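Numbering (our numbering), first residue to last: 393 to 788. All residues carry an ideal CB built from backbone N, CA and C; glycine is no exception. No experiment lies behind these values; they were computed from the predicted model shown. Here's the structure we're looking at; comments come further down.
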Amino acid sequence: MNLLEKLDAAAAARKAMLPEGVGAFGIPIEEVYSATEARIGKRRVLLLGTNNYLGLTFAPECIQAAHKALDEEGTGTTGSRMANGSYYGHRALEREFADFYDCGSGIVFTTGYQANLGTISGLVGRGDTVLIDGDSHASIFDGCILSGAEIIRFKHNDMADMEKRLRRLGDRTETTLIIVEGIYSMLGDQAPLADIVELKNKYRCTLLLDEAHSLGVLGETGQGLVEKTGLQKEVDFITGTFSKSLCSIGGFCVSNHPQLDQLRYVSHPYIFTASPSPATIASTRAALQLLREGSHLRRQLWKNCTQLYNRLAEIGYQVGPEPGPVIAAILDNPKQALQIWQRLLEKNIYVNLILPPAAPDGKSLVRCSVNAAHTTEQMTYVGDSFANLYHEILQS
Ligand SMILES: Cc1ncc(COP(=O)(O)O)c(C=O)c1O
């Protein structure tokens with residue numbers, strides 16, 4: 393099979409799973425009305441599949457800041473952070489992240505994906521080891537591949553399995569980077585950070601925590617799982633993204649280790665790409681301020697999360713181990729997941745469809761992302777719709 397025939401075979405496998413005309417992936421959003429509503433085709437839909445956890449996509453403070461930066465600094469930096477792409481705003485945002493986490497320093501990357509790629513490949517290399525959770529996001533996995541370090545996975549959130557693998561490493565643990573996530577992106581569950589820190593200290597490893605889905609969501613000021621658990625000083629490196637609670641695009645890494653700065657000189661995903669646009673940086677700075685002051689938004693978010701999680705569980709859906717902004721109905725059968733996804737769209741609700749191999753354990757997911765701008769009535773409508781479909785599709 394040549395290279396193009398291999399792509400044809402992959403396309404045929406995808407089509408076999410998704411019948412013709414079902415545009416579950418890359419669905420065109422024609423118009424966006426607010427943080428919770430948009431038009432898909434002719435339908436005005438409720439958005440329940442975005443990562444807009446604090447509902448800040450239309451925050452006037454962010455929009456005004458972005459407009460001002462566009463007017464004053466232009467549309468793009470047209471260059472790398474290493475060359476001409478470090479404006480005042482990029483450096484200010486780095487200081488603001490360092491201040492937010494009460495850390496020595498911070499680095500801004502062009503995407504959250506590159507924050508993981510750049511941090512991991514800058515920290516470890518050939519001869520080192522990465523110990524990662526089995527449910528890790530692709531950006532973590534790709535960062536590990538780029539680094540050339542040996543990759544060892546432990547079973548998702550399974551501390552006994554993690555310790556077994558650490559024990560086997562012997563004196564190589566000192567050059568081992570453990571990587572976990574604050575909230576896991578598929579089932580919305582949290583890492584057992586206190587246990588992980590205990591093992592990290594016992595075996596003298598280095599720990600990186602990706603707060604992509606937990607930034608803005610957990611902790612009194614929204615730092616994430618480190619703040620919720622009070623373990624800020626125990627985690628060596630924290631990465632995160634601007635594309636979820638901060639409603640723009642970009643990523644960061646913060647650390648108390650002064651060596652973080654050296655990544656600027658060795659990390660290809662930092663050096664060999666253009667820096668985020670001034671408007672992106674300006675809106676992110678405004679959003680970070682709103683996030684820090686946003687305990688009322690977090691309260692509303694958690695009210696919505698708990699309402700929908702409890703409702704889906706009561707109906708009888710299998711859901712993840714704990715409530716969170718990501719709430720997935722877990723299905724054994726991709727056909728049922730597809731049917732539920734399609735029928736929800738007919739009821740004017742847009743959610744994410746996740747089919748194997750993207751979901752853990754070969755399952756299929758109808759994955760909802762809840763945000764602070766959703767209303768109680770919207771959550772009730774979503775719950776009622778899921779209840780109807782449970783009877784219509786799963787019990788027929
Ligand atoms: C856990 C995790 N880390 C990193 C990323 C990458 O962030 P971005 O999409 O902003 O590049 C994602 C994106 O979904 C994620 O879920």
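Residue i in three-state terms, based on DSSP
i	result
N593	helix
V774	helix
I499	strand
R431	strand
Q731	helix
S539	helix
F634	coil
N744	strand
A458	helix
Q336	Within the shown structure, residues of the chain are numbered from 393 to 788, placing residue 336 beyond reach of any answer.
T767	coil
C645	strand
R473	coil
V437	strand
E612	coil
A583	coil
E453	helix
V618	helix
F629	strand
I512	helix
A750	coil
Residue i - partner residues in DSSP beta bridges
i	result
T568	T521
A720	R759
Q651	Partner(s): none; Q651 has no beta bridge.
E573	D602
A408	A408 is not bridged to any residue.
G710	According to the sequence as given, residue 710 is Gln; it is not Gly. In DSSP, Q710 forms a bridge with I722.
V658	In the DSSP output, where bridge partners are listed per residue, V658 has none listed.
F546	D525
Beta-carbon separation (whole angstroms), residue i vs residue j, contact threshold 8 Å
i	j	result
L680	L638	6 Å
G441	Y657	Wrong, their Cβ atoms sit about 39 Å apart, outside the cutoff.
D527	G712	Actually they do not touch by this definition, with Cβ atoms about 11 Å apart.
F492	Q624	Contact doesn't hold; Cβ gap of about 11 Å is too wide.
L517	A541	Rather than Leu, the amino acid found at residue 517 in this sequence is Gly. Rounded, the Cβ-Cβ distance is 6 Å, consistent with contact.
L786	Q728	6 Å
L558	Y595	5 Å
R684	G775	Their Cβ separation, rounded to whole angstroms, is 32 Å, which puts R684 and G775 out of contact at 8 Å.
P749	P726	Incorrect: roughly 11 Å between the Cβ atoms, too far for contact.
L438	Q699	Incorrect: roughly 14 Å between the Cβ atoms, too far for contact.
Give a yes or no on contact between the segment 497-513 and the segment 686-701, applying the rule of three or more CB pairs nearer than 8 Å. When C-beta atoms of the segment 497-513 are compared with those of the segment 686-701, fewer than three pairs fall below 8 Å, so the two segments do not count as touching.
Are there three or more Cβ pairs, one per stretch, closer than 8 Å when the segment 562-580 is compared with the segment 715-723? Touching, yes.
Counting pairs of Cβ atoms below 8 Å between the segment 645-662 and the segment 670-680, do you hit three or more? Not touching, per the Cβ criterion.
Count Cβ pairs between the segment 458-471 and the segment 770-787 that sit closer than 8 Å; are there 3 or more? No, the segment 458-471 is not in contact with the segment 770-787.
Would you say the segment 635-651 touches the segment 467-481, given that touching needs at least three Cβ pairs under 8 Å? Verdict: no, contact absent.
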